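S.K.:
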Amino acid sequence: MSRSYRIAVLSGDGIGPEVMTEALRVLDAVEAKFGFTTTREERLVGGAAIDATGHPLPTETVASCEQSDGILFGSVGGPKWESLPPDIQPERGALLPIRKHFGLFANLRPGVCLPSLTHASPVKNELIPNGFNVLCVRELTGGVYFGQPKGREERDGEPVAFDTMIYRKSEIDRILRVAFTAAMGRGKRLVSVDKANVLATSVLWRETAVEVAKDFPEVELSHLYVDNAAMQLVRRPDSFDVLVTENLFGDILSDEMAMISGSLGMLPSASLGKQKEGGLYFGMYEPSGGSAPDIAGKGVANPIAQILSAAMLLRFSLGENEAASAIEAAVAKAIDDGFRTGDIATGAAGETKVGTTGMGDAVLARL
Ligand code: NAD
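Under this note's numbering, the first residue of the sequence shown is numbered 714, with each subsequent residue one higher.
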């Protein structure tokens, strides 16, 4: 019997719909090639949803996501909606509620710099002759961003503000298991990042990492303090395989990693919830960048981040690993063969400058 799945497709605003078109063409192609089908429900989100319904996340959109195996998300936001009250702005009013509603606690962001794109990385090229491929796993729903109490008050006649960094062992355990599982599917090396020389939460984090490692004997676990990790990422990014860390550290390190990778248009991301039976996750998959209003509607956006987000959905939510790997290989080949959208073009000999559709065509031709 043919394998079939449901996907909620939320293209959103700006370049979202343009790059989503390419990702869906690529999905069509791998479905035909690998013998599975997806039913896709396209729903409104972000500014487009505000314009149509007055709300960035209509209940109909949430209902469609609930019935799906995973969400393929474009991007939301733009100048048109920036003066709205914060709670109903596209990002805050759509992305955060989706994360909360579906308990998406694990954020996975690959930082990949392909060997033929090392010129786009601000890291000295002699340090990364073969590029690099790091996966950053960030805890997304705990830590200092959500810990209580937090607040501001007067003490001894001056304002004092405070936040609480708090983690339950179960929260640490579950994010580490996501990271170990991801490492098993890659190079089997995991670096756990903490600040165990100063923070109590980090001591619990490190203890838990050592415990969970016993269930993954094939994975080599090491530990780095976050300040050192930030340095090593720019000094030797190619030495990392998978990196796992708590919310605040992950927020900073994953942006650092995106920066050293070169172009936002190349980087996908996944936000995963609880693991289901069979090892798959419900998740939301989206480019690391935003809606790029400066280039929206021009047909020049790089669709690769969206295409690779679809590949992550296939791997983590549908278990279609072969199809996911085929997409990743086709993307790498298109880049190796010199196809470049504006964000990654240098004008060097051997490059073929393409727009959004042209890059989609180049990937499709290599599947
Ligand atoms: P951005 O990521 O949209 O753009 C930053 C720069 O990167 C721009 O120059 C843009 O042209 C470029 N860029 C991004 N994606 C690209 C691609 N696929 N191809 C080529 N170039 C690309 O960030 P911003 O300008 O800070 O934000 C713009 C809007 O997006 C804002 O409204 C912001 O709130 C929103 N945003 C949404 C998300 C999301 O939906 N998850 C994330 C970040 C920002």
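For each residue, glycine too, the CB sits at the ideal point set by N, CA and C. What you are looking at is a predicted structure, and each value in this text was computed from that prediction instead of being measured.
Let's see if you can read the secondary structure: which residues bound the alpha helix (DSSP H) around SER967?
M.R.: Where SER967 is concerned, the enclosing alpha helix (DSSP H) stretches over 960–974.
S.K.: Less than 7 Å separating the Cβ of ASN1015 from some heavy atom of the ligand NAP?
M.R.: This structure lacks the ligand NAP; its bound ligands are the ligand NAD.
S.K.: How would you label LEU821, buried or exposed, when you count the other beta carbons within 10 angstroms and need 16 or more for buried?
M.R.: Buried.
S.K.: Relative to the C-alpha of GLU779, which candidate in ASP886, ARG1053 and PHE815 has its C-alpha closest?
M.R.: Answer by Cα proximity: PHE815.
S.K.: Confirm, please, whether the CB-CB distance from VAL904 to LEU956 is below 8 Å.
M.R.: Yes, Cβ-Cβ distance for LEU956 and VAL904 is below 8 Å.
S.K.: Measuring CB to CB, does MET1072 end up less than 8 Å from ALA1047?
M.R.: Yes, the pair counts as a contact, with Cβ atoms nearer than the cut-off.
S.K.: Would you report the Cα separation of GLU924 and VAL1013, rounded to the nearest angstrom?
M.R.: When rounded, the distance between both Cα atoms is 48 Å.
S.K.: At a cut of 8 Å, does the segment 798–809 reach the segment 955–975 through at least three beta carbon pairs?
M.R.: In short, these stretches do not touch, since the Cβ pair count stays below three.
S.K.: Going by DSSP, name the residue or residues bridged to LEU785.
M.R.: In DSSP, LEU785 forms a bridge with VAL722 and TYR998.
S.K.: At a cut-off of 7 Å, would you count THR751 as near the ligand NAD, judging by its Cβ distance to the nearest heavy atom?
M.R.: It does not: the Cβ of THR751 is nowhere closer than 7 Å to a heavy atom of the ligand NAD.
S.K.: Decide if the segment 831–846 is in contact with the segment 934–942; the criterion is three or more beta carbon pairs, one per stretch, under 8 Å apart.
M.R.: At 8 Å Cβ cutoff, the stretches do not touch.
S.K.: Using the DSSP secondary-structure output, state which residues sit across from GLY824 in a beta bridge.
M.R.: Partner(s): VAL847.
S.K.: Give the single residue among SER1001, ILE1057, ILE1008 and LEU961 whose Cα lies nearest to the Cα of MET878.
M.R.: Nearest C-alpha to MET878: LEU961.
S.K.: If I follow the unbroken alpha helix (DSSP H) through LYS987, where does it start and stop?
M.R.: Here LYS987 belongs to no alpha helix (DSSP H); instead the beta strand (DSSP E) covers 981–988.
S.K.: What is the residue span of the beta strand (DSSP E) that THR751 lies within?
M.R.: That run of the beta strand (DSSP E) goes 749–755.
S.K.: Measure from the alpha carbon of PHE747 to the alpha carbon of each residue in ASP1074, THR1059, ASP1049 and ALA1037, then state which is nearest.
M.R.: Nearest option by C-alpha distance: ALA1037.
S.K.: Once DSSP output is grouped into helix, strand and coil, what is the label at ARG716?
M.R.: ARG716: strand per DSSP, three-state reduction.
S.K.: Sort out for me which residues DSSP pairs LEU934 with in a bridge.
M.R.: Note: LEU934 sits in a beta bridge opposite LEU903.
S.K.: Whose C-beta lies closer than 7 Å to the C-beta of GLY921 among residues of the same chain, with five residues either side of it excluded?
M.R.: Just to set this straight, residue 921 is Thr in the shown sequence, not Gly. Correct list, in chain order: LYS882, ILE885, ASP886 and LEU889.
S.K.: What is the DSSP secondary structure of VAL891, reduced to helix, strand or coil?
M.R.: Helix, per DSSP.
S.K.: What residues are listed by DSSP as bridge partners for LYS1066?
M.R.: According to DSSP, LYS1066 bridges with ARG1053.
S.K.: CB PRO803 to CB GLY767, shorter than 8 Å?
M.R.: Against a cut-off of 8 Å, the Cβ pair of GLY767 and PRO803 comes out as no contact.
S.K.: Have a look at ASP869, LEU827, LEU808 and PRO862 and flag the residue whose alpha-carbon is nearest the alpha-carbon of TYR998.
M.R.: Cα-wise, what sits closest to TYR998 is LEU808.
S.K.: Can you list, in chain order, the residues of its chain with a C-beta nearer than 7 Å to that of ALA896? Leave out the 5 residues immediately preceding and following it.
M.R.: If we look at ALA896 and ignore the five residues flanking it on each side, its Cβ neighbours are ARG902, LEU903, VAL932, ASP954 and VAL955.
S.K.: Within 10 angstroms of the Cβ of LEU792, are there 16 or more other Cβ atoms? Answer buried if so, exposed if not.
M.R.: Reading off the sequence, residue 792 comes out as Pro, not Leu. When all chains shown are included, PRO792 counts as exposed.
S.K.: The alpha helix (DSSP H) that contains ALA913, what's its start and end?
M.R.: 913–926 is the extent of the alpha helix (DSSP H) around ALA913.
S.K.: State yes or no: is the C-beta of ALA819 within less than 8 Å of the C-beta of VAL891?
M.R.: Closer than 8 Å, so yes.
S.K.: Any heavy atom of the ligand NAD closer than 7 Å to the CB of GLY996?
M.R.: Checking every heavy atom of the ligand NAD against the Cβ of GLY996, none is found closer than 7 Å.
S.K.: To the nearest whole angstrom, what separates the beta carbons of LEU1031 and ASP782, a pair I think is in contact under 8 Å?
M.R.: Contact flag correct, Cβ pair sits at about 6 Å.
S.K.: For TYR718, which residues in the same chain have their Cβ closer than 6 Å to its Cβ, ignoring the five residues on either side in sequence?
M.R.: For TYR718, where only same-chain residues beyond five positions count, the Cβ hits under 6 Å are THR751, ASP782 and LEU1031.
S.K.: Following a CB-centred definition, is ASP1056 positioned closer than 7 Å to any heavy atom of the ligand NAD?
M.R.: ASP1056: yes, Cβ under 7 Å from the ligand NAD.
S.K.: Can you tell me whether GLY1071 sits near the ligand NAD, meaning its C-beta is under 7 Å from at least one heavy atom of the ligand?
M.R.: Checking the Cβ of GLY1071 against the ligand NAD gives no.
S.K.: Would DSSP call PRO798 helix, strand or coil?
M.R.: The answer is coil: DSSP assigns PRO798 none of H, G, I, E or B.
S.K.: I'd like to confirm the pairing. Which residues does DSSP put opposite PHE875 in its beta bridges?
M.R.: According to DSSP, PHE875 bridges with GLY864.
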